[in-house]
Ligand code: GLU
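In this note's numbering, the protein residues as written are 50 to 413.
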């Protein structure tokens with residue numbers, strides 16, 4: 050079983066696991082989770098919890114109810130609820146002699162390489178201190194453009210940055226359902242393609258902002274990062290123990306990968322939807338390990354700045370590569386299609402000649 054072999058395990062906990070339909074904290078459940086984790090800690094495993102519930106707990110404390118609240122208001126509600134959330138973990142985990150630390154993450158903390166490495170160090174140091182990091186998105190400052198919005202992808206990105214071996218994604222479903230036998234779940238998924246995406250009905254629960262779609266996107270990040278991911282039902286007492294006993298879940302099996310940590314990080318970017326379209330000649334050049342030059346660029350989509358992670362696609366929109374751009378979208382708009390020696394004249398200043406250097410690029 051993948052959990053037995055893992056050194057580092059990330060456990061994602063959905064709002065519906067922590068808070069019941071009436072907005073009440075599920076204390077008994079959290080106690081049972083702490084007991085499960087104690088066993089894993091005894092086996093010297095590093096554990097990270099990514100927990101939703103700040104908004105749900107804030108709503109129930111403020112008696113706002115389950116109705117949808119606007120983003121600005123949800124930031125304030127999360128600010129109140131996050132204190133309750135951390136406090137609940139502290140109280141229950143302390144009873145079980147487990148230390149915790151809190152990490153609130155903003156999109157830039159994982160999407161800028163330097164900050165991602167910094168975050169990784171903090172996780173590692175918390176492991177040294179034998180404390181479990183309790184992670185959530187920093188909802189209080191996140192705006193809609195710079196926001197994960199769901200903890201599924203956040204948990205996967207954290208798993209990838211800290212090179213976790215397993216991500217257990219607990220929510221209120223047993224796994225990914227089989228389209229033919231509706232009551233059965235698929236046991237293993239090796240590849241996330243259009244067929245798998247088409248299985249999603251996109252039903253959401255009362256509180257969480259994710260759904261099956263964001264879980265599949267999370268699984269894709271894991272698959273590309275060498276991390277196993279399980280989608281399992283958390284709404285049972287002792288959810289991890291139960292999983293270890295019955296293995297009732299959908300497992301996503303990672304690809305064997307030769308990519309280095311930085312390349313894995315580049316491939317799984319979720320920050321920017323900037324796209325660069327290239328012609329057939331450039332497609333061939335990239336395949337041969339060359340850098341991307343302005344001459345091969347036919348069009349761009351989206352706004353991005355120097356250093357952003359962008360997707361490179363061919364003229365039919367098929368993914369070719371991902372990479373860190375050395376030019377902004379405004380600059381590329383001016384120099385696309387041009388020969389390298391014309392760049393300086395058009396831009397009016399000296400710059401690099403590659404739009405994306407091959408060292409900053411990963412082929413897809
Ligand atoms: N960060 C949100 C919260 O703590 C939840 C996001 C999600 O549901 O995935 O309330």
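Glycine included, C-beta positions come from ideal geometry on N, C-alpha and C.
query                                                                                                       : result
C-beta contact flag for residue 118 and residue 132 at 9 Å                                                  : no
Test item: CB-CB of residue 401 and residue 346 under 9 Å                                                   : no
Reference residue 357, options 79, 243, 367, 373, closest by Cα                                             : 373
Local Cβ density within 10 Å of residue 100, reported as buried at 16 or more and exposed below that        : buried
Residue 188 beta carbon near ligand 1 (any heavy atom closer than 8 Å)                                      : yes
Of the listed residues 279, 207, 135, 124, nearest to residue 67 (C-alpha basis)                            : 135
C-beta contact flag for residue 57 and residue 214 at 9 Å                                                   : yes
Rounded Cβ spacing between residue 184 and residue 154 (contact assumed at less than 8 Å)                   : 6 Å
Residue from 336, 308, 360 with nearest C-alpha to residue 323                                              : 360
Cβ-heavy atom distance, residue 201 to ligand 1, below 8 Å                                                  : yes
Cβ neighbours of residue 173 in the same chain (closer than 6 Å, five flanking residues each side left out) : none
Residue 97 burial status per 10 Å Cβ neighbour count (16 or more: buried)                                   : buried
Cβ neighbours of residue 158 in the same chain (closer than 6 Å, five flanking residues each side left out) : 164, 168
Beta-carbon proximity list for residue 276, same chain, < 7 Å, skipping 5 on both sides                     : 208, 209, 213, 214, 215, 216, 303
Coil, strand or helix - residue 285 by DSSP                                                                 : coil
Coarse secondary structure for residue 219, derived from DSSP in three states                               : strand
Residues that DSSP places opposite residue 100 in a beta bridge                                             : 62
For residue 122, three-class secondary structure by DSSP                                                    : helix
Buried or exposed by the 16-neighbour rule on C-beta atoms within 10 Å, applied to residue 130              : buried
Alpha-carbon spacing of residue 76 relative to residue 314, whole angstroms                                 : 36 Å
Enclosing beta strand (DSSP E) for residue 262 [first to last residue]                                      : Note, residue 262: premise wrong, no beta strand (DSSP E); alpha helix (DSSP H) at 261-274.
Assigned secondary structure, residue 316 (DSSP; H/G/I helix, E/B strand, else coil)                        : helix
For residue 349 and residue 382, believed in contact at Cβ under 8 Å, the rounded distance                  : 6 Å
Best match in 109, 354, 410 for proximity to residue 368 [C-alpha to C-alpha]                               : 410
Any non-hydrogen atom of ligand 1 closer than 8 Å to residue 280 Cβ                                         : no
Local conformation of residue 325 per DSSP, three classes                                                   : strand
Beta-carbon proximity list for residue 378, same chain, < 7 Å, skipping 5 on both sides                     : 323, 349, 351, 352, 353
Uninterrupted alpha helix (DSSP H) stretches inside the segment 130-187 (no shorter than 4 residues)        : 156-160, 162-177
Ligand 1 heavy atom lying under 8 Å from the CB of residue 402                                              : no
6 Å CB neighbourhood of residue 43 in its chain, flanking five on each side removed                         : The shown model of the chain, from 50 to 413, leaves out residue 43, and the question about it has no answer.
Residue 64 CB to nearest heavy atom of ligand 1 below 8 Å                                                   : yes
Between the CA atoms of residue 362 and residue 325 - distance to the nearest angstrom                      : 6 Å
Buried versus exposed, by CB contacts within 10 Å (16 or more), residue 397                                 : exposed
Between the CA atoms of residue 121 and residue 336 - distance to the nearest angstrom                      : 45 Å
Burial state of residue 371, where buried means 16 or more other Cβ atoms lie within 10 Å                   : buried
Inter-stretch contact (C-beta, 8 Å, three-pair minimum) for the segment 290-301 and the segment 228-246     : yes
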